[in-house]
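By the working numbering, the letter at position 41 of the sequence shown is numbered 616, and the numbering carries on one by one without gaps. These notes concern the structure reproduced below.
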Amino acid sequence: MAVFVTRRIPAEGLRVLSQAGGCRVQQWDSEEPVPRAQLLAGVAGKHGLLCLLSDRIDREVLEAAGPDLKVISTMSVGFDHLALEEIKKRGIRVGYTPDVLTDATAELSVALLLSACRRLPEAVEQVKNGGWTTWKPLWMCGYGLSDSTVGIIGLGRIGQAVARRLKPFGVKKFLYTGSGPKPESGAEFEAEFVPLTRLAEESDFVVVTCALTPATQGMCNKDFFTRMKKTSVFVNTSRGSVVNQEDLYNALAHGQIAAAGLDVTTPEPLPTDHPLLSLKNCVILPHIGSATYATRSTMAVLAANNLLAGLRGEAMPHELLL
Ligand code: NDP
Ligand code: DGY
């Protein structure tokens, strides 16, 4: 079985593949993404592909791979980079990495929310640049979670894990939205299912943890931000394209909302001269939601095991049902 691995991944994951009998591994052994031409060449004639969210696996890649490609295993829970219709048409199985990164991503979401609402990067900068002259009653104030309403867009694995972590901060009310009410997911937080518009209007904090789909693409737009409170804070740890970034910029720049925290942007990386980076009230991280050593190692091992199981025609630990 010939497989192509599109990046340097944690050693534990590669070890699973190299120790599997009969598995020939070709790898793009670099921290940087595989250039498109090398991806197309690397995948040719392979039976398995282990890829990352930064690899666009579309028809061109599938055609370059040829008819032997049986399994695609992505080292991510998000799968918006995969052309699922084309993959399904070819009978290719897909593995992904849910659950194992939920805690790390929820933790990062809370860290980002607190950084944005309590203005941490701005405050750290003041310490360094001499802006801290004395204790001032009106200086560096932000917004706290006590007695607040938190709206979660996408109360899935990560959304619930975020709510679980925020509840002890004294949140008064949780709202959520999605494709329909999920009483079993919301019960733990007594969360109320509401339309997106009501979530925008009533939340003090909005946390986006949904999947990127045609329905969620550009969902947080001018209308959404205009409905939000001027004192509210917006956090996105899902995918950049759920947000219309120009509309977000305008909302932040004109005081329509108080602050934002983004772990994901469009594009990634965000160009260093992007207008959002000029705003003090916007905290931007480089897509590090799942970036703990342990989580990335577990993701790599799971992605490798998904790949091997698929190649052997066995049940995968986590198969995406197409
Ligand atoms: P889940 O499948 O458990 O949750 C996805 C959620 O998206 C579901 O609750 C679903 O709600 C919701 N959703 C789907 N359509 C809509 C819609 N139209 N409006 C609102 N919500 C909607 O996935 P996870 O929680 O495991 O992961 C979620 C996403 O987080 C991933 O797809 C990925 O993009 C991102 N992610 C980012 C990371 C980072 O590093 N920043 C790390 C890990 C994941 P419903 O069931 O009602 O449709
Ligand atoms: C995912 O898995 O989808 C994240 O974006 C990275 O861990």
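Ideal Cβ placement from N, Cα and C applies to all residues, glycine included. Quick caveat: nothing in here was measured; it's all calculated off a predicted structure.
Measure the alpha-carbon distance for A828 versus P756 and round it to whole angstroms.
For the purposes of this step, residue 828 is identified with residue 253 of the sequence shown, where counting begins at 1. For the purposes of this step, residue 756 is identified with residue 181 of the sequence shown, where counting begins at 1. Put simply, the backbone Cα of A828 is about 34 Å away from that of P756.
A884 versus L851 - alpha carbon distance
As a position in the sequence shown, residue 884 is number 309, starting the count at 1. As a position in the sequence shown, residue 851 is number 276, starting the count at 1. Answer to the nearest angstrom: the Cα atoms are 43 Å apart.
So, are the CB atoms of V725 and S778 less than 8 Å apart?
Taking the sequence shown and counting its residues from 1, the one referred to as residue 725 is at position 150. Taking the sequence shown and counting its residues from 1, the one referred to as residue 778 is at position 203. Cβ atoms of V725 and S778: closer than 8 Å.
Beta carbon of L823, beta carbon of A833: below 8 Å?
Translated into positions along the sequence shown, residue 823 becomes position 248. Translated into positions along the sequence shown, residue 833 becomes position 258. No. Outside cutoff.
Report yes if the C-beta of T672 is less than 7 Å from at least one heavy atom of ligand 2; otherwise report no.
Indexing the sequence shown from 1 puts residue 672 at position 97. Yes; taking the cut-off as 7 Å, the Cβ of T672 has a heavy atom of ligand 2 nearer than that.
Can you give me the C-alpha to C-alpha distance between P696 and L771, rounded to a whole angstrom?
Here the question's residue 696 lines up with position 121 in the sequence shown. Here the question's residue 771 lines up with position 196 in the sequence shown. Approximately 30 Å between the Cα atoms of the pair.
Among all the DSSP beta bridges, which residues are the ones paired with I662?
The residue labelled residue 662 in the question sits at position 87 within the sequence shown. Bridge partners of I662: none, in fact.
Contacting residues, own chain, Cβ-Cβ under 7 Å from V652 (five flanking each side not counted)
Position 77 of the sequence shown, counted from the first residue, corresponds to residue 652. The residues are Y671, T672, P673 and L676.
Cα-Cα separation, C626 to P608
Taking the first residue of the sequence shown as 1, we reach residue 626 at position 51. Taking the first residue of the sequence shown as 1, we reach residue 608 at position 33. Near 10 Å, if we compare the C-alpha coordinates of P608 and C626.
Along the beta strand (DSSP E) that carries K804, what are the first and last residues, could you check?
In the sequence shown, residue 804 corresponds to position 229, counting from 1. Looking at the DSSP string, K804 is not in any beta strand (DSSP E), and its letter there is neither H nor E.
Nearest-angstrom Cα separation, counted from K621 out to F799
On the sequence shown, residue 799 is found 224 positions in, with the first residue counted as 1. On the sequence shown, residue 621 is found 46 positions in, with the first residue counted as 1. The straight-line gap from Cα to Cα measures roughly 45 Å.
Can you tell me whether T840 is buried or exposed, with buried defined as 16 or more other CB within 10 angstroms of its CB?
Reading the sequence shown from its first residue, position 265 is the one you call residue 840. Residue environment: T840 is assigned as buried (16 or more neighbouring CB atoms within 10 Å of its CB, all protein chains considered).
Could you tell me the alpha carbon to alpha carbon distance between M576 and C598, rounded to whole angstroms?
Within the sequence shown, residue 576 is the residue found at index 1, counting from 1. Within the sequence shown, residue 598 is the residue found at index 23, counting from 1. C-alpha separation (whole angstroms): 5 Å.
Spell out a yes or no on whether the region 861–876 and the region 631–648 are touching, meaning 3 or more CB-CB pairs, one atom from each, closer than 8 Å.
no
By alpha-carbon positions, which one of L845, G864 and E606 ends up nearest to A681?
Numbered from 1 along the sequence shown, position 106 holds the residue referred to as residue 681. When only C-alpha atoms are compared, the closest one is G864.
For G830, which residues in the same chain have their Cβ closer than 8 Å to its Cβ, ignoring the five residues on either side in sequence?
To locate residue 830, count along the sequence shown from 1; it is residue 255. Hits under 8 Å: K805.
Among G753, S684, S807 and L659, which residue has its Cα nearest to the Cα of I861?
Counting from 1 along the sequence shown, the entry for residue 861 is found at position 286. The residue you asked about is not Ile; residue 861 is Pro in the sequence shown. For the residues G753, S684, S807 and L659, the minimum Cα distance to P861 belongs to S684.
Answer with buried or exposed for C691, where buried requires no fewer than 16 other C-beta atoms within 10 angstroms of its C-beta.
In the sequence shown, residue 691 corresponds to position 116, counting from 1. First, the residue type needs correcting, since residue 691 is Ala and not Cys in the sequence shown. Classification for A691: buried.
Would you mind sorting Y868 into buried or exposed? The rule is 16 or more other CB atoms within 10 Å of its CB.
Numbered from 1 along the sequence shown, position 293 holds the residue referred to as residue 868. So Y868 ends up on the exposed side.
Could you check whether T801 and V540 sit closer than 8 Å to each other, using their CB atoms as the reference points?
Look at the range of the chain in this structure, 576 to 897, and you will see that residue 540 is not part of it.
Endpoints, beta strand (DSSP E) assigned at L886:
The sequence position of residue 886 within the sequence shown is 311, counting from 1. Taken as a continuous stretch (DSSP letters only), L886 belongs to no beta strand (DSSP E), being part of the alpha helix (DSSP H) at Y868 to L886.
Among G731, N796 and L688, which has the Cα closest to the Cα of F780?
Reading the sequence shown from its first residue, position 205 is the one you call residue 780. If we check each option's Cα against that of F780, L688 comes out closest.
Looking at G734: is its Cβ nearer than 8 Å to the Cβ of I727?
The residue you call residue 734 lines up with position 159 of the sequence shown. The residue you call residue 727 lines up with position 152 of the sequence shown. In contact: G734 and I727 (Cβ atoms closer than 8 Å).
Three-way DSSP call (helix, strand, coil) for S853 in this model
Residue mapping note: residue 853 aligns to position 278 of the sequence shown, counting from 1. Helix, per DSSP.
Sequence-distant residues of the same chain with beta carbon closer than 6 Å to K855, five excluded per side:
The residue you call residue 855 lines up with position 280 of the sequence shown. The answer, listed in chain order, is E697.
Of the residues L628, D630, S629 and E661, which one's Cα is nearest the Cα of E638?
On the sequence shown, residue 638 is found 63 positions in, with the first residue counted as 1. Comparing Cα-Cα distances from E638 to each of L628, D630, S629 and E661, the minimum goes to E661.
By a C-beta neighbour count over all protein chains shown, 10 Å radius and 16 as the cutoff for buried, is C716 buried or exposed?
In the sequence shown, residue 716 corresponds to position 141, counting from 1. Burial call: exposed.
Beta bridge counterpart(s) of C795 as assigned by DSSP:
Reading the sequence shown from its first residue, position 220 is the one you call residue 795. Paired residue(s): V818.
My output table needs one value for K711: the three-state DSSP class, helix, strand or coil.
The residue you call residue 711 lines up with position 136 of the sequence shown. Here K711 sits in coil by DSSP.
Residues bridged to V646 by DSSP?
Looking up residue 646 in the sequence shown gives position 71. Paired residue(s): G623 and R668.
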